[in-house]
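First comes the structure, then the notes that go with it.
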Amino acid sequence: MTNTVAGSTSDPLAKPKRRSRPPWRRGEAILGFIYILPATVILGAFHFWPMFYAVYISLHRWRVIKQGYVGLANYEWVLKNPKFWNALKVTVYYVVGTVPVQLTLALILAYILYQPIKGREVFRTIYFLPYITSTIASGAVFAWMFSPQEGPINRFLTKLGLPALRWLLEPRGVFTILGEYLHLPWLKGGPSLALVTIMIFVIWFWVGYDATIFLAGLGSIPYELYEAAKIDGANRWQLFRYITIPLLSPTIFFLSLVAMIGSFKAFNHIFIMTDASSGTVGGPLDTTTTVTILFFKNFYETPTYGKAAAIAFVLFLIILVLSLLQNWLASKRVFYME
Amino acid sequence: MISITLPLGQRKHVRLSVLQLLLYVVLIAGAIIAMFPFIWMILTSFKSYGEVTAGRFFPRELRWHNYVEAWNAAPFARYFLNSIFIALATIAGDLFTGILAAYAFARMEFPGRNVIFFLFLATLMVPGELTVLPNFLTIRKLGWYNTYEAQIIPFTASVFHIFLLRQFFMGIPRDYWDAALLDGCTHFRFLFSIVVPLSRAAIVTVALLSFIGSWNAFLWPLIVTSSEKMRPIQVGLRSFVVEEATQTQLMMAAATMVIVPIIIFYLFTQRQFTRGIMTTGLKG
Numbered sequence: 003m004t005n006t007v008a009g010s011t012s013d014p015l016a017k018p019k020r021r022s023r024p025p026w027r028r029g030e031a032i033l034g035f036i037y038i039l040p041a042t043v044i045l046g047a048f049h050f051w052p053m054f055y056a057v058y059i060s061l062h063r064w065r066v067i068k069q070g071y072v073g074l075a076n077y078e079w080v081l082k083n084p085k086f087w088n089a090l091k092v093t094v095y096y097v098v099g100t101v102p103v104q105l106t107l108a109l110i111l112a113y114i115l116y117q118p119i120k121g122r123e124v125f126r127t128i129y130f131l132p133y134i135t136s137t138i139a140s141g142a143v144f145a146w147m148f149s150p151q152e153g154p155i156n157r158f159l160t161k162l163g164l165p166a167l168r169w170l171l172e173p174r175g176v177f178t179i180l181g182e183y184l185h186l187p188w189l190k191g192g193p194s195l196a197l198v199t200i201m202i203f204v205i206w207f208w209v210g211y212d213a214t215i216f217l218a219g220l221g222s223i224p225y226e227l228y229e230a231a232k233i234d235g236a237n238r239w240q241l242f243r244y245i246t247i248p249l250l251s252p253t254i255f256f257l258s259l260v261a262m263i264g265s266f267k268a269f270n271h272i273f274i275m276t277d278a279s280s281g282t283v284g285g286p287l288d289t290t291t292t293v294t295i296l297f298f299k300n301f302y303e304t305p306t307y308g309k310a311a312a313i314a315f316v317l318f319l320i321i322l323v324l325s326l327l328q329n330w331l332a333s334k335r336v337f338y339m340e
Numbered sequence: 125m126i127s128i129t130l131p132l133g134q135r136k137h138v139r140l141s142v143l144q145l146l147l148y149v150v151l152i153a154g155a156i157i158a159m160f161p162f163i164w165m166i167l168t169s170f171k172s173y174g175e176v177t178a179g180r181f182f183p184r185e186l187r188w189h190n191y192v193e194a195w196n197a198a199p200f201a202r203y204f205l206n207s208i209f210i211a212l213a214t215i216a217g218d219l220f221t222g223i224l225a226a227y228a229f230a231r232m233e234f235p236g237r238n239v240i241f242f243l244f245l246a247t248l249m250v251p252g253e254l255t256v257l258p259n260f261l262t263i264r265k266l267g268w269y270n271t272y273e274a275q276i277i278p279f280t281a282s283v284f285h286i287f288l289l290r291q292f293f294m295g296i297p298r299d300y301w302d303a304a305l306l307d308g309c310t311h312f313r314f315l316f317s318i319v320v321p322l323s324r325a326a327i328v329t330v331a332l333l334s335f336i337g338s339w340n341a342f343l344w345p346l347i348v349t350s351s352e353k354m355r356p357i358q359v360g361l362r363s364f365v366v367e368e369a370t371q372t373q374l375m376m377a378a379a380t381m382v383i384v385p386i387i388i389f390y391l392f393t394q395r396q397f398t399r400g401i402m403t404t405g406l407k408g
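These protein sequence lines map, in sequence, to chains V and L.
Just so we're aligned, residue 3 is where the first sequence starts under the numbering used here, counting upward by one.
Just so we're aligned, residue 125 is where the second sequence starts under the numbering used here, counting upward by one.
So, in structure tokens, the structure goes:
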């Protein structure tokens, strides 16, 4: 900050530079602090302080009230707990089963919507609808749609001559079910059908949002590039593969990061869908208990705050590492246009 | 708004119309899937209990009475009023802290400004799961358990919203400020008579994001409320769903009451909303 007072006040018209304003004056400095004070107080109390407080809680035996200091015992409990590893497995299933599918579907829809098609705006509005509804209401509607007795999905399946399924009440793996149906005994395991039902909801919920972001990304690709490539004789697939995809890679990266972090934090819809169908959050048989649901159970259902805080901190570390990893990958693969 | 014609529309072959037909089939199938849950929800909300269990797709008559029954089965009026009040108070607080802080970061010079802003941004990395438990203990210590304060105060500042507003404020030409300064204008007057009116689009976007976040909040109000009097609509809907588990048509009526106002609201604010989403790429 090496400015002179001269520029801005004495001769404003002859002042071409940005930095010709005086450096901070005392009055402005104080005023600045006053302006950021309300936000700082709220953020300090509910965003900064809890980070340290969470670590503090996780180092204690803490049921409803604080008991004794236990060092890293809660973390040891987490890492040696088969429930935690099961929750991590469920979370990985959830991420792998939702993120690629929703992004692919969204990209296809966005690419179609980007063409000169009549009624584009109407379609876009419709696709976006799921995203604006509360996950509690729409999750509950899904739970009833997939209800084994009255749900329209099972009725539709039986009309097609397919077996009715137990959906949110089914703890067996989808491949096991498929293997039984096709009489292939070697086909086993996979995420439970209950978890897959939740994944169907997640994909339904996010595709329109992803497509909207993709549309924004598509809109920023200069038309001249397509023109030039067409003059060089590129066909439609080549245009998509060698122009659209590379130039869209920052958007793809952004969306996959948001979707992945969102998956690790997923809570509301899993809560309501399992609660409304079987009455057990994270059920049946814990096959839909993600890390976040496990945290909730150790916090709300049985108040073991020390353990819950340790789970939350481990979750935070996982998200942090994944974001850094994805960032590193992106720096090698993502093409940014200047 | 996308108004560029793309490769596909350029050629005029007969083949194209077949392809276009195919695209429409995909688009319409997608639209049906996106809307089916809502259609089914609304249809079911008009059915009788017998029609639900018999699995009829369309109701024989529109039983509006289901809505009356659902409305009376739980204190929905209270839930809605709570949610509206909480959302409005949150928006007001969020805009108040956000506009002031964003302006200070964008236009004022004070020591440590960049460091503080960086610290603000750093909190974006921290997931809500980590802060929910300590915040719950803080709320209890403050004596705010089962109050409106607990559901409003923690959300009256958002780093993300401050960031958005700051980006927008920085786009306002510096010359305006220099000119205003010459006329002896104060920061306060400049902010409220020049910056805020010029930033209406950004402010509306932030208000919408704040509203959606508050309206759809579930986990936090679930843990900090214990009585029906304080519950917002999402938590109320959940307890209705769990308690009335057999009366599907009533639950659908309740879900319709929660979802349809938001859909109408969205259709009216659509332009602002999608622009907000497209530029920010994030919810709440």
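Note that CB positions come from ideal geometry on N, CA and C, so glycine has one too.
Quick test of your reading: residue i and residue j, contact by CB under 8 Å. State the CB separation rounded to the nearest angstrom.
i, j, result
"residue 311 of chain V", "residue 56 of chain V", "5 Å"
"residue 275 of chain L", "residue 210 of chain L", "5 Å"
"residue 142 of chain V", "residue 274 of chain V", "6 Å"
"residue 199 of chain V", "residue 180 of chain V", "Between residue 180 of chain V and residue 199 of chain V the Cβ distance is about 15 Å, and since that is not below 8 Å, they are no contact."
"residue 145 of chain L", "residue 119 of chain V", "Wrong, their Cβ atoms sit about 11 Å apart, outside the cutoff."
"residue 138 of chain V", "residue 260 of chain L", "20 Å between Cβ atoms; not a contact."
"residue 307 of chain V", "residue 211 of chain V", "Incorrect: roughly 34 Å between the Cβ atoms, too far for contact."
"residue 103 of chain V", "residue 258 of chain V", "At roughly 12 Å, the Cβ-Cβ gap does not stay under 8 Å, so residue 103 of chain V and residue 258 of chain V are not in contact."
Can you name the start and end residues of the beta strand (DSSP E) that residue i belongs to?
i, result
"residue 68 of chain V", "68 to 71"
"residue 63 of chain V", "62 to 64"
Starting from residue i, trace the alpha helix (DSSP H) both ways and give me its first and last residue.
i, result
"residue 195 of chain V", "195 to 221"
"residue 140 of chain V", "137 to 147"
"residue 282 of chain L", "No alpha helix (DSSP H) holds residue 282 of chain L; DSSP gives it neither H nor E."
"residue 228 of chain L", "200 to 231"
"residue 44 of chain V", "28 to 45"
"residue 231 of chain V", "225 to 233"
"residue 288 of chain V", "Counting along the chain, residue 288 of chain V falls outside any alpha helix (DSSP H), and DSSP gives it neither H nor E."
"residue 371 of chain L", "No alpha helix (DSSP H) contains residue 371 of chain L, which DSSP labels as neither H nor E."
"residue 235 of chain L", "Run containing residue 235 of chain L: none; DSSP gives neither H nor E here."
"residue 2 of chain V", "No answer is possible for residue 2 of chain V: the residues shown for chain V start at 3 and end at 340."
"residue 273 of chain V", "270 to 279"
With a threshold of 7 Å on Cβ separation, who are the neighbours of residue i within its own chain once the five nearest residues in sequence on each side are excluded?
i, result
"residue 183 of chain L", "167, 170, 171, 175"
"residue 214 of chain L", "276, 279, 280, 334, 338"
"residue 396 of chain L", "328, 329, 332"
"residue 347 of chain L", "260"
Where does residue i sit, in a helix, a strand or coil, going by DSSP?
i, result
"residue 295 of chain L", "coil"
"residue 308 of chain L", "coil"
"residue 192 of chain V", "coil"
"residue 264 of chain V", "helix"
"residue 308 of chain V", "helix"
"residue 127 of chain L", "Its pLDDT being 37, under 50, residue 127 of chain L is placed unreliably in this model, and the coordinates cannot settle the point."
"residue 175 of chain V", "strand"
"residue 150 of chain V", "coil"
"residue 117 of chain V", "coil"
"residue 269 of chain L", "coil"
"residue 78 of chain V", "helix"
"residue 329 of chain L", "helix"
Give the straight-line distance between the Cα atoms of residue i and residue j, rounded to the nearest whole angstrom.
i, j, result
"residue 365 of chain L", "residue 122 of chain V", "36 Å"
"residue 300 of chain L", "residue 40 of chain V", "26 Å"
"residue 375 of chain L", "residue 97 of chain V", "30 Å"
"residue 296 of chain V", "residue 86 of chain V", "7 Å"
"residue 95 of chain V", "residue 181 of chain L", "34 Å"
"residue 54 of chain V", "residue 43 of chain V", "16 Å"
"residue 272 of chain L", "residue 380 of chain L", "25 Å"
"residue 324 of chain V", "residue 265 of chain V", "12 Å"
"residue 388 of chain L", "residue 336 of chain L", "13 Å"
"residue 220 of chain V", "residue 65 of chain V", "52 Å"
"residue 330 of chain V", "residue 184 of chain V", "43 Å"
"residue 245 of chain L", "residue 321 of chain L", "26 Å"
"residue 32 of chain V", "residue 385 of chain L", "45 Å"
Excluding the five sequence neighbours on either side, which residues of its own chain have a C-beta within less than 8 Å of the C-beta of residue i, listed in chain order?
i, result
"residue 289 of chain V", "92, 173, 193, 194, 196, 197"
"residue 193 of chain L", "374, 377"
"residue 218 of chain V", "253"
"residue 80 of chain V", "86, 309, 312, 313, 316"
"residue 2 of chain V", "Because chain V is modelled from 3 through 340, residue 2 of chain V falls outside the range shown and cannot be assessed."
"residue 390 of chain L", "397"
Between residue i and the ligand ATP, is there a pair consisting of the residue's CB and a ligand heavy atom that are separated by less than 7 Å?
i, result
"residue 290 of chain L", "Here there are no bound small molecules, and the ligand ATP is not part of this structure."
Just to confirm my understanding: we take residue i, look at its own chain, exclude 5 residues before and 5 after, and list those with CB closer than 6 Å. What are they?
i, result
"residue 226 of chain L", "286, 289, 290, 293"
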